[in-house]
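Here the sequence shown is numbered in my numbering, starting from 387 and rising by one per residue.
From the three backbone atoms N, C-alpha and C, an ideal C-beta is built for every residue, glycine too.
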Amino acid sequence: MNSVELARLLHNLIRVGRVAAIDHAAVRVRVQSGALLTDWLPWLTARAGHTRTWNPPTLGEQVLLLAPGGELRGALVLPALNSDAVPAPSHDANVTQLELPDGARLRYDHAASHLSAILPGSASLDAQGAVSVTTAAALTATAAGGATLNADTVINGNLTLNGNFSQPSGQTATMAGDVQFTGAVTSNGRDISASHTHGGVQRGGAQTEGVS
(Lines of atoms letter the chains of each structure in order from A; the text may use other names.)
(Lines give C-alpha, C1' and ligand atoms only; values in the text may rest on other atoms or scores of the structure.)
Protein backbone atom coordinates (compact mmCIF):
# COMPACT_ATOMS: atom_id res chain seq x y z
CA MET A 387 0.00 0.00 0.00
CA ASN A 388 1.49 3.32 -1.04
CA SER A 389 1.17 6.63 0.78
CA VAL A 390 -1.56 7.90 -1.56
CA GLU A 391 -3.76 4.87 -0.92
CA LEU A 392 -3.12 5.11 2.81
CA ALA A 393 -4.07 8.79 2.81
CA ARG A 394 -7.28 7.97 0.91
CA LEU A 395 -8.30 5.33 3.44
CA LEU A 396 -7.55 7.61 6.38
CA HIS A 397 -9.52 10.43 4.76
CA ASN A 398 -12.52 8.15 4.29
CA LEU A 399 -12.63 6.86 7.88
CA ILE A 400 -14.96 9.70 8.91
CA ARG A 401 -16.59 12.04 6.42
CA VAL A 402 -19.33 14.65 6.69
CA GLY A 403 -22.06 14.64 4.07
CA ARG A 404 -25.73 15.20 3.33
CA VAL A 405 -28.45 12.70 2.53
CA ALA A 406 -28.97 12.75 -1.23
CA ALA A 407 -31.48 9.90 -1.64
CA ILE A 408 -33.54 7.64 0.62
CA ASP A 409 -34.94 4.14 0.10
CA HIS A 410 -37.32 3.69 3.05
CA ALA A 411 -38.25 0.12 2.12
CA ALA A 412 -34.62 -1.00 2.00
CA VAL A 413 -33.64 1.25 4.95
CA ARG A 414 -30.75 2.72 2.95
CA VAL A 415 -29.54 6.18 1.97
CA ARG A 416 -27.05 7.68 -0.44
CA VAL A 417 -24.82 10.44 0.89
CA GLN A 418 -23.20 13.32 -0.95
CA SER A 419 -19.82 14.22 0.57
CA GLY A 420 -18.04 16.81 -1.52
CA ALA A 421 -17.78 15.43 -5.05
CA LEU A 422 -18.39 11.89 -3.78
CA LEU A 423 -21.83 10.25 -3.98
CA THR A 424 -21.92 7.00 -2.04
CA ASP A 425 -23.72 3.81 -2.92
CA TRP A 426 -26.77 2.77 -0.86
CA LEU A 427 -25.71 2.53 2.79
CA PRO A 428 -27.53 1.64 6.05
CA TRP A 429 -28.04 4.27 8.71
CA LEU A 430 -27.62 3.73 12.43
CA THR A 431 -30.74 3.69 14.59
CA ALA A 432 -31.29 3.94 18.35
CA ARG A 433 -32.58 0.38 18.81
CA ALA A 434 -32.88 -2.65 16.51
CA GLY A 435 -33.61 -5.63 18.75
CA HIS A 436 -36.68 -6.59 20.79
CA THR A 437 -37.15 -2.82 21.09
CA ARG A 438 -37.17 -1.10 17.71
CA THR A 439 -37.21 2.53 16.65
CA TRP A 440 -38.04 4.16 13.32
CA ASN A 441 -37.03 7.74 12.61
CA PRO A 442 -35.48 7.85 9.12
CA PRO A 443 -33.13 10.60 7.94
CA THR A 444 -34.52 13.26 5.62
CA LEU A 445 -33.24 14.63 2.34
CA GLY A 446 -30.51 17.20 2.90
CA GLU A 447 -29.90 16.13 6.49
CA GLN A 448 -26.27 16.44 7.54
CA VAL A 449 -24.76 13.11 8.62
CA LEU A 450 -21.48 11.36 9.34
CA LEU A 451 -20.05 8.57 7.20
CA LEU A 452 -18.23 5.99 9.32
CA ALA A 453 -16.09 3.73 7.11
CA PRO A 454 -14.23 0.93 8.95
CA GLY A 455 -10.82 0.57 7.33
CA GLY A 456 -11.58 3.58 5.13
CA GLU A 457 -13.64 1.57 2.63
CA LEU A 458 -16.82 3.49 1.82
CA ARG A 459 -18.50 0.40 0.39
CA GLY A 460 -18.95 -0.82 3.96
CA ALA A 461 -19.64 2.58 5.50
CA LEU A 462 -22.39 3.30 8.02
CA VAL A 463 -24.40 6.51 8.14
CA LEU A 464 -24.74 8.24 11.51
CA PRO A 465 -27.43 10.94 11.74
CA ALA A 466 -27.24 13.81 12.44
CA LEU A 467 -25.47 17.16 12.65
CA ASN A 468 -27.13 20.54 13.05
CA SER A 469 -26.25 23.16 10.48
CA ASP A 470 -26.89 26.81 9.70
CA ALA A 471 -29.76 25.71 7.45
CA VAL A 472 -31.23 23.42 10.11
CA PRO A 473 -30.26 24.76 13.56
CA ALA A 474 -31.00 23.13 16.90
CA PRO A 475 -34.65 23.59 17.97
CA SER A 476 -33.57 24.85 21.41
CA HIS A 477 -30.51 26.19 23.19
CA ASP A 478 -31.88 25.62 26.71
CA ALA A 479 -29.72 23.28 28.80
CA ASN A 480 -32.80 22.19 30.76
CA VAL A 481 -34.92 21.17 27.77
CA THR A 482 -35.38 17.97 25.77
CA GLN A 483 -37.32 18.77 22.61
CA LEU A 484 -38.61 16.98 19.53
CA GLU A 485 -39.91 18.92 16.52
CA LEU A 486 -41.60 17.39 13.47
CA PRO A 487 -42.12 18.72 9.92
CA ASP A 488 -45.85 19.47 10.35
CA GLY A 489 -45.20 21.72 13.35
CA ALA A 490 -45.81 19.12 16.07
CA ARG A 491 -43.59 19.59 19.10
CA LEU A 492 -42.90 17.58 22.25
CA ARG A 493 -40.95 19.44 24.92
CA TYR A 494 -39.92 18.59 28.47
CA ASP A 495 -38.32 21.16 30.77
CA HIS A 496 -36.73 19.27 33.65
CA ALA A 497 -35.95 22.49 35.53
CA ALA A 498 -39.64 23.41 35.58
CA SER A 499 -40.80 19.74 35.62
CA HIS A 500 -43.17 20.61 32.79
CA LEU A 501 -44.16 18.54 29.74
CA SER A 502 -45.84 20.21 26.78
CA ALA A 503 -47.06 18.83 23.46
CA ILE A 504 -48.29 20.78 20.44
CA LEU A 505 -50.22 18.77 17.84
CA PRO A 506 -51.51 20.46 14.67
CA GLY A 507 -53.71 17.42 14.00
CA SER A 508 -55.45 14.75 16.07
CA ALA A 509 -54.30 12.32 18.75
CA SER A 510 -55.55 8.89 19.82
CA LEU A 511 -54.95 6.50 22.71
CA ASP A 512 -56.02 2.86 22.36
CA ALA A 513 -55.52 0.85 25.55
CA GLN A 514 -56.59 -2.78 25.97
CA GLY A 515 -56.42 -2.37 29.75
CA ALA A 516 -57.46 0.28 32.25
CA VAL A 517 -56.39 3.92 31.91
CA SER A 518 -55.79 6.01 35.02
CA VAL A 519 -55.10 9.74 35.30
CA THR A 520 -54.08 11.12 38.70
CA THR A 521 -53.19 14.72 39.47
CA ALA A 522 -52.40 16.41 42.76
CA ALA A 523 -53.83 19.68 41.41
CA ALA A 524 -56.76 20.67 39.19
CA LEU A 525 -57.62 18.89 35.93
CA THR A 526 -58.97 21.05 33.10
CA ALA A 527 -60.16 19.82 29.69
CA THR A 528 -61.21 22.29 26.99
CA ALA A 529 -62.90 21.08 23.79
CA ALA A 530 -64.10 23.71 21.31
CA GLY A 531 -66.17 21.10 19.46
CA GLY A 532 -67.73 19.55 22.57
CA ALA A 533 -67.01 16.29 24.37
CA THR A 534 -68.67 12.87 24.17
CA LEU A 535 -68.27 10.15 26.82
CA ASN A 536 -69.51 6.71 25.75
CA ALA A 537 -69.52 4.88 29.07
CA ASP A 538 -71.49 4.25 32.24
CA THR A 539 -70.08 6.93 34.53
CA VAL A 540 -69.64 7.27 38.28
CA ILE A 541 -68.67 10.63 39.79
CA ASN A 542 -67.33 10.42 43.34
CA GLY A 543 -67.67 14.01 44.42
CA ASN A 544 -69.80 17.11 43.99
CA LEU A 545 -70.98 18.13 40.52
CA THR A 546 -71.44 21.78 39.55
CA LEU A 547 -72.89 22.74 36.15
CA ASN A 548 -72.11 26.23 34.88
CA GLY A 549 -74.54 25.80 32.02
CA ASN A 550 -77.75 24.05 31.01
CA PHE A 551 -78.62 20.39 31.52
CA SER A 552 -80.76 18.47 29.02
CA GLN A 553 -81.96 14.89 28.61
CA PRO A 554 -83.45 13.61 25.33
CA SER A 555 -87.03 12.36 25.12
CA GLY A 556 -87.56 8.70 25.93
CA GLN A 557 -84.85 8.58 28.59
CA THR A 558 -85.52 8.23 32.32
CA ALA A 559 -83.79 10.02 35.19
CA THR A 560 -83.75 8.38 38.62
CA MET A 561 -82.61 10.03 41.84
CA ALA A 562 -82.46 8.44 45.28
CA GLY A 563 -82.31 10.85 48.19
CA ASP A 564 -83.37 14.42 48.76
CA VAL A 565 -83.49 16.90 45.87
CA GLN A 566 -83.44 20.65 46.45
CA PHE A 567 -84.39 23.23 43.83
CA THR A 568 -83.96 27.00 43.89
CA GLY A 569 -86.08 28.70 41.24
CA ALA A 570 -89.03 27.60 39.14
CA VAL A 571 -89.75 23.91 38.43
CA THR A 572 -91.91 22.98 35.44
CA SER A 573 -93.39 19.71 34.20
CA ASN A 574 -94.76 19.50 30.64
CA GLY A 575 -94.78 23.28 30.49
CA ARG A 576 -96.63 23.77 33.81
CA ASP A 577 -95.18 25.41 36.90
CA ILE A 578 -95.00 22.94 39.82
CA SER A 579 -92.74 25.01 42.05
CA ALA A 580 -93.69 26.20 45.54
CA SER A 581 -95.72 29.17 44.23
CA HIS A 582 -98.04 27.26 41.89
CA THR A 583 -101.84 27.07 42.56
CA HIS A 584 -104.65 24.53 42.17
CA GLY A 585 -108.26 25.28 41.27
CA GLY A 586 -111.38 23.71 42.84
CA VAL A 587 -109.85 23.21 46.27
CA GLN A 588 -112.21 22.26 49.08
CA ARG A 589 -111.92 20.51 52.39
CA GLY A 590 -112.52 16.79 52.53
CA GLY A 591 -111.52 13.94 50.26
CA ALA A 592 -112.23 15.59 46.88
CA GLN A 593 -109.41 15.92 44.36
CA THR A 594 -108.12 19.30 43.26
CA GLU A 595 -108.11 20.42 39.68
CA GLY A 596 -104.88 20.28 37.68
CA VAL A 597 -101.99 22.63 38.19
CA SER A 598 -102.91 26.14 37.01
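Element boundaries [alpha helix (DSSP H), containing residue i]
| i | result |
| --- | --- |
| residue 389 | 389-398 |
Nearest-angstrom beta carbon gap, residue j and residue i [assumed within contact, 8 Å]
| i | j | result |
| --- | --- | --- |
| residue 451 | residue 417 | 6 Å |
| residue 443 | residue 472 | Not quite, the Cβ-Cβ distance comes to about 12 Å (not below 8 Å), so this is no contact. |
| residue 449 | residue 474 | That belief does not hold up - the Cβ atoms of residue 449 and residue 474 are roughly 16 Å apart, past 8 Å. |
| residue 398 | residue 456 | 4 Å |
| residue 564 | residue 570 | With 8 Å as the limit, residue 564 and residue 570 do not qualify as a contact, their Cβ atoms being about 19 Å apart. |
Cβ-Cβ distance between residue i and residue j below 8 Å
| i | j | result |
| --- | --- | --- |
| residue 497 | residue 480 | yes |
| residue 408 | residue 402 | no |
| residue 426 | residue 411 | no |
| residue 432 | residue 439 | yes |
Separation of residue j from residue i, as counted between CA atoms
| i | j | result |
| --- | --- | --- |
| residue 428 | residue 491 | 27 Å |
| residue 394 | residue 505 | 47 Å |
| residue 486 | residue 463 | 21 Å |
| residue 580 | residue 542 | 31 Å |
| residue 419 | residue 495 | 36 Å |
| residue 422 | residue 430 | 20 Å |
| residue 545 | residue 468 | 52 Å |
| residue 517 | residue 573 | 40 Å |
| residue 548 | residue 512 | 31 Å |
| residue 488 | residue 500 | 23 Å |
DSSP state of residue i mapped onto helix, strand, coil
| i | result |
| --- | --- |
| residue 484 | strand |
| residue 403 | strand |
| residue 491 | strand |
| residue 438 | strand |
| residue 525 | coil |
| residue 381 | The chain is shown only over 387 to 598; residue 381 falls outside these bounds and no answer can be derived. |
| residue 458 | helix |
| residue 409 | strand |
| residue 452 | strand |
| residue 572 | strand |
Range covered by the beta strand (DSSP E) that runs through residue i
| i | result |
| --- | --- |
| residue 578 | Note, residue 578: premise wrong, no beta strand (DSSP E); not H, not E. |
| residue 417 | 414-419 |
| residue 467 | 462-467 |
| residue 502 | 500-504 |
| residue 545 | Unbroken run through residue 545: none, as it is neither H nor E. |
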